[in-house]
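Position 205, counted from 1, in the sequence shown is what my numbering calls 205; the numbers after and before it change by one each time, with no gaps.
For glycine and all other residues, C-beta sits at the position ideal for the given N, C-alpha and C.
No experiment lies behind these values; they were computed from the predicted model shown.
In what follows, a structure is listed as structure tokens, so that the remarks can point back to it.
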Amino acid sequence: MALKYSTYREGDIAINLGIANFQPLDVMVTGVTGAGKSTTLNTFFQKEIAKVGTGVDPETMELDAYSLNNVIRFWDTPGLGDGLRADQIHSEKIVDLLYKTYTLDEQQHGFIDLVLIIIEGANRDMGTTYKLLNEVIVPNIQRDRILIAINQADVAMKGRHWLTAENKPDAKLKAFLEEQAVSIQKRVLEATGVEVVKPVYYSAEYNYNVNLLFDLIIDNMPRERRKLFL
Ligand SMILES: Nc1nc2c(ncn2[C@@H]2O[C@H](COP(=O)(O)OP(=O)(O)OP(=O)(O)O)[C@@H](O)[C@H]2O)c(=O)[nH]1
Ligand SMILES: [Mg+2]
């Protein structure tokens, strides 16, 4: 049974936003090219809203915002890992977005409330993700506003151990994914100094555990407006 994400725990988000006294929650979605950022957004919205890549070239080139409902809005960004020059241009766009502000009661606040970094389940090379964290994200937003999720759970073991009929991993793949979540959490701490919440693993393509990704966002969303300076 497919969940409807546009109303998923809408009340909880609204309550948290009520505490924080702002609305909507703006979530920037980022990660290496091909990790599945756009596919993840399409799954949230249950229709094709963000263009998904089919080849090796990065598909998303600009920043696009999508409102899921009145309380949450997602920002799709171009992925890093497509050569130095492209990475530089895309990094600048991401940093600009992180410094987008609004003024309320004569005070400036950061527009982006939360950063969600998507990692590809099969990709053991974390170098570009560390670079993204160290050079682009961590210097420009509070660390407790960074979340990590592992996509493409279905192909984490090259497609083996995925139970197609049941749309879930078998015990072996599940154990692998569990182990990977813990290991990525540990490696991110070592490589970037950021203590992230244990990542969830999911498959945007097959709509597996996407509700847990939503839970990660809702349960860890900030309870106050973002101060601009760290
Ligand atoms: N098997 C599998 N494939 C996926 C999954 N999510 C995305 N893909 C595929 O991965 C490819 C890249 O997905 P995109 O959503 O375009 O990736 P992106 O992160 O938006 O990439 P850029 O826009 O280039 O930064 C596409 O062919 C998707 O169909 C998944 O959960 N499982
Ligand atoms: Mg994209």
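- Task: In angstroms with no decimal places, state the Cα-to-Cα distance between N16 and I148.
- Result: Counting from one through the sequence shown, the residue named residue 16 turns up at place 16. Counting from one through the sequence shown, the residue named residue 148 turns up at place 148. Pairing N16 with I148, the inter-Cα distance amounts to about 20 Å.
- Message: Count Cβ pairs between the segment 20-37 and the segment 66-84 that sit closer than 8 Å; are there 3 or more?
- Response: Cβ pair count under 8 Å is three or more, so yes.
- Pick from R223, D215, M221, R225 that is closest to K7, judged by C-alpha positions: On the sequence shown, residue 7 is found 7 positions in, with the first residue counted as 1. According to the sequence provided, residue 7 is Thr. The question's Lys does not apply to it. The candidate whose alpha carbon is nearest that of T7 is D215.
- Message: Under 8 Å: do the segment 48-56 and the segment 94-113 share three or more Cβ pairs, one atom per stretch?
- Response: Output reads no: the segment 94-113 does not touch the segment 48-56.
- Message: Taking its Cβ as the centre, do 16 or more other Cβ atoms sit within 10 Å of A65, making it buried, or is it exposed?
- Response: Sequence index remark: in the sequence shown, residue 65 carries index 65 (1-based). Exposed is the call here.
- Task: Have a look at T128 and H90 and give me their C-alpha separation to the nearest angstrom.
- Result: Position 128 of the sequence shown, counting from 1, holds the residue named residue 128. Position 90 of the sequence shown, counting from 1, holds the residue named residue 90. Roughly 13 Å between the two C-alpha positions.
- Please list, in chain order, all residues of the same chain as A50 whose beta carbon is under 6 Å from its beta carbon, the five residues on each side excluded. The residue labelled residue 50 in the question sits at position 50 within the sequence shown. Cβ contact annotation for A50 (same chain, cutoff 6 Å, sequence separation greater than five): S38, L41, N42, D76, in chain order.
- S67 - containing beta strand (DSSP E), residue span: Against the sequence shown, residue 67 aligns to sequence position 67. 64-67 is the span of the beta strand (DSSP E), which, as asked, contains S67.
- Would you kindly check if the distance between the Cβ of V200 and the Cβ of V188 is under 9 Å? Along the sequence shown, read from residue 1 onward, the residue named residue 188 stands at position 188. Along the sequence shown, read from residue 1 onward, the residue named residue 200 stands at position 200. Between V188 and V200, the C-beta spacing is not below 9 Å.
- How big is the Cα-Cα spacing for V194 and K186? Residue 194 sits at position 194 when you count from the first residue of the sequence shown. Residue 186 sits at position 186 when you count from the first residue of the sequence shown. Rounded to the nearest angstrom, the two C-alpha atoms are 9 Å apart.
- Query: Between I146 and V95, is the Cβ-Cβ spacing less than 9 Å?
  - Reply: As a working mapping, residue 146 is identified with position 146 in the sequence shown. As a working mapping, residue 95 is identified with position 95 in the sequence shown. Cβ distance not < 9 Å, so I146 and V95 don't count as in contact.
- Identity of the residues DSSP links to S203 by a beta bridge: To locate residue 203, count along the sequence shown from 1; it is residue 203. Answer is Y208, bridged to S203.
- Item | Cα-Cα separation, G110 to W162 | On the sequence shown, residue 110 is found 110 positions in, with the first residue counted as 1. On the sequence shown, residue 162 is found 162 positions in, with the first residue counted as 1. Approximately 41 Å between the Cα atoms of the pair.
- Is the Cβ-Cβ distance between V182 and K198 less than 9 Å? Position 182 of the sequence shown, counted from the first residue, corresponds to residue 182. Position 198 of the sequence shown, counted from the first residue, corresponds to residue 198. Against a cut-off of 9 Å, the Cβ pair of K198 and V182 comes out as a contact.
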